[in-house]
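See below for the structure under consideration.
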Amino acid sequence: MRFTWMYAASQLRLRHRYTALGVTWNLLEPLLYLAVLSVVFSYVNRMPIADYAVFLFSGLVPWRYFEKVVSTSTDAIVQGDWLLKSLPASPMSLPLSRWLVASAEFGFSFGALALVLLFVKDRWTIHVIVLPLSMLPWALAALGVGLCCATLFTFFRDVRPVVQLALMFAFFTAPILFHPDLFPPGSAQARLLGWHPLTYLAALFQKPLYMGRWPTAVDWTVSWTAALASLALGLSALHWARPRLYFYL
Amino acid sequence: MSREVFTLRHVGVGFRRDAIRARSLKYAVASWFGGEAPEAHAALADVSLSIAAGERVGIIGRNGAGKSTLLRVLAGVIIPQRGQVAVAPDRRIVPLLELGVGFQPDLSGIENCMLASTLFGVTGARMRNRLEHIAAFAEIGAFLHEPVRHYSSGMYARLAFALAFDVEPDVLLIDEVLGVGDEFFMAKCLARVRDLVSSGVTAVFVSHDLDFLQANCERLIWLDHGRAVMDGDPAAVARLYRERRGVFEH
Chain L
0 MRFTWMYAAS QLRLRHRYTA LGVTWNLLEP LLYLAVLSVV FSYVNRMPIA DYAVFLFSGL
60 VPWRYFEKVV STSTDAIVQG DWLLKSLPAS PMSLPLSRWL VASAEFGFSF GALALVLLFV
120 KDRWTIHVIV LPLSMLPWAL AALGVGLCCA TLFTFFRDVR PVVQLALMFA FFTAPILFHP
180 DLFPPGSAQA RLLGWHPLTY LAALFQKPLY MGRWPTAVDW TVSWTAALAS LALGLSALHW
240 ARPRLYFYL
Chain Y
0 MSREVFTLRH VGVGFRRDAI RARSLKYAVA SWFGGEAPEA HAALADVSLS IAAGERVGII
60 GRNGAGKSTL LRVLAGVIIP QRGQVAVAPD RRIVPLLELG VGFQPDLSGI ENCMLASTLF
120 GVTGARMRNR LEHIAAFAEI GAFLHEPVRH YSSGMYARLA FALAFDVEPD VLLIDEVLGV
180 GDEFFMAKCL ARVRDLVSSG VTAVFVSHDL DFLQANCERL IWLDHGRAVM DGDPAAVARL
240 YRERRGVFEH
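Those protein sequences? They're chains L and Y, same order as listed.
Mapping of the first sequence onto numbering that gives the first Met the number 0: residues 0 to 248, in sequence order.
Mapping of the second sequence onto numbering that gives the first Met the number 0: residues 0 to 249, in sequence order.
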C-alpha cells in the first residue's frame, strides 16, 4: 500500500513537473474548463434550464472524475510492465495509483467547482453537506470499472476504443447534459433513463447542488449497488487474471 | 526450522507461441470458435529443485533454455502454470532481473530508490539516510536527480546494484547484468556480492560466463529445453556443459 501511495504521489508531481506553473495547473485546468463551459452554455447556447451552468457542473464534475479513472486505468497494467516484469509487485497497485491520482485531481476540480459556483449560483442550501458522501459511490464504481478495463486491456489491446465508445455512450445517454425531467413520465426515454445507473449516480450531486434537496433512498440504493457490484467484478477479474498477466505484458 | 529458501516441485511454465496475436480481440474470438488449443513453448518443464539459505547457485544453459524464466519464478514475478513454489517467509528477496530494480523511467534516480525501497520493506526514513551511501557506491553524481530515462545502461545498472546491495537483501537473484557496467565497477560489485554471501546472503546467478560461475558458486544447475538436466559441483557441471556444447541430449 505504501508503494501505491508513493507511486501515485510521484505521478501527481510528474504531471506538471516541466510546466511553468507547476502544480498550480491542477487547480487552473478544471477552473478554466468550467469557466469556458459556463460562458458557452449560459451566454452562447442559452440552454432552457435555469442556472444551466450549475446543473451541468453538478453532473459533469463527478462524471469527468469517473471518465478519468476509467480511461487512465485502462492501460495501467500494460504501462506498468517496468514493475511487473522486474519485481513481485501486486498488479492492483497500478490501477489503484491511477485512481488515487484522479481522486486527488477530483479534489482540485471540486475546489474549482466551488469557486465557479460562488459566482454563478444564486441560492445555497444545507443539502450540499451531503456531497462528500455522494462522492463515495462514484469513486468505488470508477475503481471497479477501471480494474475491469485494466484487466481486459492487458489481454485484448483493442479494448481501448471500445472503452472510449462505451464512455461516450454512457455520457450522452445519462442526464448530465440534459435534465431528467425533459421527457414526459411514462415515455420510452423516461423508462430507459430509469434503467441507467448514471441517472442515480448523477442525482447524488444534482439534487443537493442544483435542486436544493436530498437524494432519495432509491438514488442511494441504486448507486451503492452499482458501485459495489462493479468493484466486486473488477477485483474478481484482476484476481483471476493475476497469474496470467506476465505472459501478456 | 527448514534451511530451504526456495523449494520447487514439478514446476512448469509455458509461453503461448501466438502471444502477440492473442492480444487481439478478433484473434481471440476466432481461436475460441476455431476450437484449436494454442501452441505453447515450454520454458520450464517439470523442474524440481531446492536452494538452501546461504547457497551460491549458478544457472547455466543455452539461449532459450529457461534460465531467466526460472529466476523470475524464484523472484515471484512469474506464477507458474504447473507445480508448486515454496518460498521461506520473511526473506527480503532482491531480484536484478533486467537492468533496473523496477525503475520507472520518468522518475529520477532518487525517486526510484525511494519507490523501489517500499517494495523491499525498507522504511522511507532509512532509505533517505542511505541515499548518500547509494549515490557514493553508484558513482553517478548529479545524475541521481535526473530521470533514469536519460541514463546509459551502465548508469542504470550501477544504480540498481547500489540499491540492491543497500537494502540488506537475504536473497539476491542476478540475471546476466554483471556484464553491463565497466570492469572497475563490476569488480566493486563482485567484491560486495562476496561480502554479502560470506555474511549468509543466498545468491542465484544466471550467466553465460562459466569461469565467473565456477569461481563464485558452490553449485551449478544446467537447464536444457526447460529441464534441470544436471545439478551439482560447478567444475563437473561446467566440464560436461562445455563438452556437450550446452546440449544435454543429442
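Backbone N, C-alpha and C define an ideal beta-carbon position, used for all residues, glycine too.
Just so you know, these numbers come straight off a predicted model, no measurement behind them.
Residues near residue i in its chain [Cβ-Cβ closer than 7 Å; skip 5 each side]
i: Ala138 of chain L; result: Ser102
i: Ile77 of chain Y; result: Val12, Thr68, Arg71
i: Val121 of chain Y; result: Val166
i: Leu130 of chain Y; result: Ile109, Cys112
i: Val69 of chain L; result: Ala141, Val144, Gly145, Cys148, Val162, Leu166
Strand pairing of residue i, partner residues [DSSP]
i: Pro146 of chain Y; result: Y:Ser107
i: Ile92 of chain Y; result: Y:Val170
i: Gly57 of chain Y; result: Y:Phe204, Y:Leu219
i: Leu48 of chain Y; result: Y:Leu7
i: Ala240 of chain L; result: None; Ala240 of chain L has no bridge partner.
i: Ala39 of chain Y; result: Y:Arg15
i: Val84 of chain Y; result: Y:Leu7
Secondary structure of residue i, DSSP reduced to three states
i: Asp17 of chain Y; result: coil
i: Phe32 of chain Y; result: helix
i: Thr150 of chain L; result: helix
i: Val4 of chain Y; result: strand
i: Val129 of chain L; result: helix
i: Asp252 of chain Y; result: Residue 252 of chain Y cannot be examined here, being either before or after the span of chain Y that is shown, 0 to 249.
i: Thr124 of chain L; result: coil
i: Val121 of chain Y; result: coil
i: Val162 of chain L; result: helix
i: Ile77 of chain Y; result: coil
i: Arg212 of chain L; result: coil
i: Glu138 of chain Y; result: coil
i: Met154 of chain Y; result: helix
i: His224 of chain Y; result: coil
i: Asp157 of chain L; result: coil
i: Ala225 of chain L; result: helix
i: Thr198 of chain L; result: helix
i: Asn128 of chain Y; result: helix
i: Glu97 of chain Y; result: coil
i: Glu242 of chain Y; result: helix
i: Gly62 of chain Y; result: Reading the sequence as shown, one finds Asn at residue 62 of chain Y and not Gly. Residue state, collapsed to three classes: coil.
i: Asp218 of chain L; result: helix
i: Ala19 of chain L; result: coil
i: Lys25 of chain Y; result: helix
i: Ala173 of chain L; result: coil
Beta-carbon proximity list for residue i, same chain, < 8 Å, skipping 5 on both sides
i: Ala75 of chain L; result: Leu93, Pro94, Ser96, Arg97, Gly145, Ala149
i: Phe102 of chain Y; result: Asn111, Ala115, Val147, Tyr155, Leu158, Ala159
i: Ala27 of chain Y; result: Ala21
i: Met0 of chain Y; result: Any answer about Met0 of chain Y is weak, because its pLDDT of 44 lies below 50 and its placement is not dependable; what the coordinates show is given next. Correct list: empty, nothing qualifies.
i: Gly123 of chain Y; result: Met113, Ser116, Thr117
i: Ala214 of chain Y; result: none
i: Gly231 of chain Y; result: Arg218, Leu219
i: Cys147 of chain L; result: Ser229, Leu232, Gly233, Ala236
Given residue i as reference, the closest of the options once Cα atoms are compared
i: Ala202 of chain L; options: L:Leu244, L:Phe177, L:Leu117; result: L:Phe177
i: Arg257 of chain Y; options: Y:Glu167, Y:Ser206, Y:Leu209, Y:Leu106; result: Outside the shown range of chain Y (0 to 249) lies residue 257 of chain Y, about which nothing can therefore be said.
i: His251 of chain Y; options: Y:Ile173, Y:Gly108, Y:Leu172; result: As displayed, chain Y neither begins before 0 nor continues past 249, which places residue 251 of chain Y out of reach and without an answer.
i: Gln83 of chain Y; options: Y:Gly75, Y:Arg241, Y:Asp89; result: Y:Gly75
i: Thr153 of chain L; options: L:Val39, L:Ala19, L:Tyr32, L:Arg243; result: L:Arg243
i: Arg91 of chain Y; options: Y:Val200, Y:Leu239, Y:Ala235; result: Y:Val200
i: Asp169 of chain Y; options: Y:Ala234, Y:Arg243, Y:Leu195, Y:Cys188; result: Y:Leu195
i: Glu66 of chain L; options: L:Arg156, L:Ser89, L:Tyr209, L:Leu197; result: L:Leu197
i: Ala249 of chain L; options: L:Arg241, L:His195, L:Ala225, L:Ala216; result: Lying outside 0 to 248, the shown extent of chain L, residue 249 of chain L is not represented and no answer is given.
i: Met295 of chain L; options: Y:Ala234, Y:Leu189, Y:Leu106, Y:Ser151; result: Beyond the ends of chain L as shown, which are 0 and 248, falls residue 295 of chain L; an answer cannot be given.
i: Asp80 of chain L; options: L:Tyr32, L:Val22, L:Trp239, L:Pro90; result: L:Pro90
i: Ser133 of chain L; options: L:Leu31, L:Val77, L:Trp62; result: L:Trp62
6 Å CB neighbourhood of residue i in its chain, flanking five on each side removed
i: Thr124 of chain L; result: Gly211
i: Val129 of chain L; result: Pro207
i: Glu217 of chain Y; result: Arg55
i: Phe105 of chain L; result: Tyr64
i: Gln205 of chain L; result: Ser57, Gly58
i: Ala85 of chain Y; result: Thr6
i: Phe2 of chain L; result: Ser92
Using 8 Å as the Cβ pair cut-off and three pairs as the minimum, do the stretch 95-115 of chain L and the stretch 10-25 of chain L touch?
Segments in contact, yes.
Would you say the stretch 45-53 of chain Y touches the stretch 5-12 of chain Y, given that touching needs at least three Cβ pairs under 8 Å?
With the rule of 3 Cβ pairs closer than 8 Å, the stretch 45-53 of chain Y counts as touching the stretch 5-12 of chain Y.
Okay, do the stretch 37-45 of chain Y and the stretch 219-231 of chain Y touch, 3+ Cβ pairs below 8 Å being the bar?
Between the stretch 37-45 of chain Y and the stretch 219-231 of chain Y, the count of Cβ pairs shorter than 8 Å is three or higher; the stretches touch.
So, do the stretch 194-214 of chain Y and the stretch 55-65 of chain Y have three or more beta carbon pairs nearer to each other than 8 Å?
As far as the Cβ criterion goes, the stretch 194-214 of chain Y touches the stretch 55-65 of chain Y, which means the pair count is three or higher.
Is there contact between the stretch 153-168 of chain L and the stretch 177-194 of chain L, where contact requires at least three CB pairs shorter than 8 Å?
As far as the Cβ criterion goes, the stretch 153-168 of chain L does not touch the stretch 177-194 of chain L, which means the pair count is below three.
At least three beta-carbon pairs within less than 8 Å, the stretch 63-80 of chain Y to the stretch 135-142 of chain Y
Contact fails: fewer than three Cβ-Cβ distances are below 8 Å.
Touch check for the stretch 49-63 of chain L and the stretch 214-228 of chain L: three-plus C-beta pairs under 8 Å?
With contact defined as three or more Cβ pairs closer than 8 Å, the stretch 49-63 of chain L and the stretch 214-228 of chain L are not in contact.
Determine, using beta-carbon pairs with one atom in the stretch 76-90 of chain L and one in the stretch 83-96 of chain Y, whether at least three such pairs fall under 8 Å.
Taking one beta carbon from each stretch, the stretch 76-90 of chain L and the stretch 83-96 of chain Y have 3 or more pairs nearer than 8 Å; the two touch.
Should the stretch 103-117 of chain L be called in touch with the stretch 22-29 of chain L, which here means at least 3 C-beta pairs below 8 Å?
Between the stretch 103-117 of chain L and the stretch 22-29 of chain L there are three or more C-beta pairs closer than 8 Å, enough to call the two in contact.
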